[in-house]
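One rule links them: number in our numbering = place in the sequence shown (from 1) + 8.
Quick notes on the structure that follows.
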Amino acid sequence: MLLAGWTLDWIGIKFFSMAEYPKGRRKNIKPKGIHSDYLLKKNPSSFVLKMLLSASPYYVSGSLLAEKLNMSRVGVWSRINKLRKQGLVIEATQNRGYRIAKEPDYFNLSLIKALLSDYKDDFKVIVLDKTDSTNSEAERLLANGEKTPFAILANMQRNGRGRLGKEWHSPKEGNLYLSIAFRPEADLEKLRTFTLFQGVRLCNFLRDQTGIDDIYLKWPNDLVWKGKKMGGMLTEASIDFEQVKTLIFGLGLNINGNCESYPSGIKSHSTSLVNLCGEKVRLNEVASKIIKTIILTYNDSMSGKFEDELQNKWASFDFLKGKKVEFSAQGNKFTGKADGIDCDGSLRLKLRNGRMKKITAGEISIKK
Ligand code: BTN
């Protein structure tokens with residue numbers, strides 16, 4: 009039995025760098041430790057970007073780039089111009105060379121590859137300007153036999169999907185719409201808390217990178233700040249006889265989007281990273297770090313060493329902890345106090361009569 013698209017609903021001070029790069033006073037610098045022969049061969053544009061990123065805030069001389077790329081300085085200039093046409097702001101100064109000044113507010117594959125080039129895991133990254141849904145695109149690629157893991161990033165989605173059949177508002181405003189696909193071939197039992205574990209690691213990452221501590225996880229799949237939704241996770245899997253064959257982890261994160269322009273139904277309870285940080289952040293850098301975090305967390309889930317971490321850390325990320333909540337599913341409503349999660353990832357609700365109810369799926373709202 010293959011349940012394609014089955015939703016695992018129930019399981020269900022560093023600071024981010026600002027979009028504009030700082031300007032250094034020194035003339036230029038020889039970036040050290042760039043041993044990316046592979047990158048140089050496969051993707052010279054990413055190699056150039058990697059050199060510029062390593063030297064930032066200083067310049068890299070045109071002659072050094074020409075030497076490394078084994079081309080003339082005119083050739084370097086034309087490659088730099090190609091990158092500029094893709095939206096990267098690269099400054100050029102005589103006697104100094106080139107310096108990266110700003111990255112675009114949309115995904116750039118060469119930049120993502122440069123940012124991921126030191127990562128040990130080998131995986132494909134696909135950047136789409138628009139798609140219906142990155143989760144749906146991943147599903148199609150899996151059906152076509154695409155090698156896993158692979159990551160899909162889109163600048164906008166026409167039909168972004170959320171939990172419980174809801175829409176995920178996905179405008180082209182510098183937000184993250186990401187899906188990463190895996191073929192775990194593992195017992196469903198092993199992956200039942202996968203979304204929660206990813207949520208804890210992502211929340212931890214966001215707190216760490218922003219220096220802001222009141223970013224929480226609202227069971228089972230919302231990333232919230234001051235009670236407003238900043239991101240959501242959607243895990244979909246195909247299962248065959250209790251074996252998880254394919255797994256798609258989808259993440260939508262409002263990064264540089266202006267929530268003021270969001271539809272009235274979601275505007276008042278949405279927020280984005282730019283609201284927290286006060287300035288636009290580097291979208292491609294954030295996306296690369298998030299891809300690394302998700303793949304590392306998947307590897308840890310598969311090696312089975314996460315149950316303790318999830319249980320130990322849950323309380324410090326649990327937005328609902330101790331709050332009076334209402335739960336509704338299939339026409340039934342319960343009110344109680346949220347009391348953490350059970351080992352299977354279900355939400356524990358302490359009812360008025362003192363009984364404990366385990367919630368595995370459904371809509372949760374906070375009661376005043
Ligand atoms: C939710 O909060 O209900 C989950 C939202 C998940 C949205 C992301 S955006 C990338 C991926 N593609 C989709 O269609 N949905 C997920």
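For glycine and all other residues, C-beta sits at the position ideal for the given N, C-alpha and C.
Cross-strand partners of residue i (DSSP beta bridge)
| i | result |
| --- | --- |
| residue 106 | 68 and 100 |
| residue 3 | Any answer about residue 3 is impossible in this case: the structure gives the chain only from 9 up to 376. |
| residue 260 | 185 and 240 |
| residue 383 | In this structure the chain extends from 9 to 376, so residue 383 is not present and cannot be described. |
| residue 355 | 349 and 367 |
| residue 27 | Note: residue 27 sits in no beta bridge, so no partner. |
| residue 164 | 138 |
| residue 289 | 26 |
| residue 340 | 337 |
| residue 129 | Residue 129 pairs with nothing; no bridge assigned. |
| residue 175 | 169 |
| residue 7 | Past the edges of the chain, shown from 9 to 376, lies residue 7, and the structure says nothing about it. |
| residue 151 | BP columns for residue 151 are empty, so no partner. |
| residue 373 | 334 |
| residue 295 | Paired residue(s): none; residue 295 is not in a bridge. |
| residue 159 | 133 and 188 |
| residue 276 | Answer by DSSP bridge pairing: none, since residue 276 is not bridged. |
| residue 326 | 225 |
Closer than 7 Å: residue i CB and nearest the ligand BTN heavy atom
| i | result |
| --- | --- |
| residue 174 | yes |
| residue 242 | yes |
| residue 306 | no |
| residue 353 | no |
| residue 258 | yes |
| residue 185 | yes |
| residue 170 | yes |
| residue 195 | no |
| residue 280 | no |
| residue 165 | yes |
| residue 229 | yes |
| residue 373 | no |
| residue 141 | yes |
Whole-Å CB distance - residue i paired with residue j, under 8 Å assumed
| i | j | result |
| --- | --- | --- |
| residue 97 | residue 73 | 17 Å between Cβ atoms; not a contact. |
| residue 111 | residue 290 | 6 Å |
| residue 150 | residue 243 | The pair is not a contact, with the Cβ atoms about 14 Å apart (cut-off 8 Å). |
| residue 127 | residue 68 | Not quite, the Cβ-Cβ distance comes to about 22 Å (not below 8 Å), so this is no contact. |
| residue 232 | residue 327 | 6 Å |
| residue 146 | residue 54 | Incorrect: roughly 23 Å between the Cβ atoms, too far for contact. |
| residue 207 | residue 241 | 6 Å |
| residue 109 | residue 28 | 7 Å |
| residue 292 | residue 116 | 6 Å |
| residue 353 | residue 218 | Rounded, the Cβ-Cβ distance is 26 Å, inconsistent with contact. |
| residue 229 | residue 203 | 6 Å |
| residue 262 | residue 279 | 7 Å |
| residue 366 | residue 350 | 6 Å |
| residue 369 | residue 357 | Actually they are not in contact, since the Cβ atoms of residue 369 and residue 357 sit about 13 Å apart, beyond 8 Å. |
| residue 125 | residue 260 | Residue 125 to residue 260, Cβ: 26 Å. No contact. |
| residue 136 | residue 120 | Actually they are not in contact, since the Cβ atoms of residue 136 and residue 120 sit about 12 Å apart, beyond 8 Å. |
| residue 375 | residue 334 | 5 Å |
message = Between the segment 182 to 196 and the segment 126 to 144, can you find at least three pairs of beta-carbon atoms closer than 8 Å?
response = yes
inquiry  = Taking contact to mean 3 or more Cβ pairs, one atom from each stretch, closer than 8 Å, check whether the segment 267 to 287 and the segment 190 to 202 are in contact.
reply    = no
ask   = For the 8 Å Cβ check, are there 3 or more pairs between the segment 275 to 283 and the segment 223 to 238?
value = yes
ask   = Does the segment 315 to 325 come within contact of the segment 155 to 166, defined as at least 3 CB pairs closer than 8 Å?
value = no
inquiry  = Assess contact between the segment 268 to 275 and the segment 307 to 319, defined as three or more Cβ pairs (one per stretch) separated by less than 8 Å. Is contact present?
reply    = no
Three CB pairs or more closer than 8 Å across the segment 337 to 349 and the segment 296 to 310 = no
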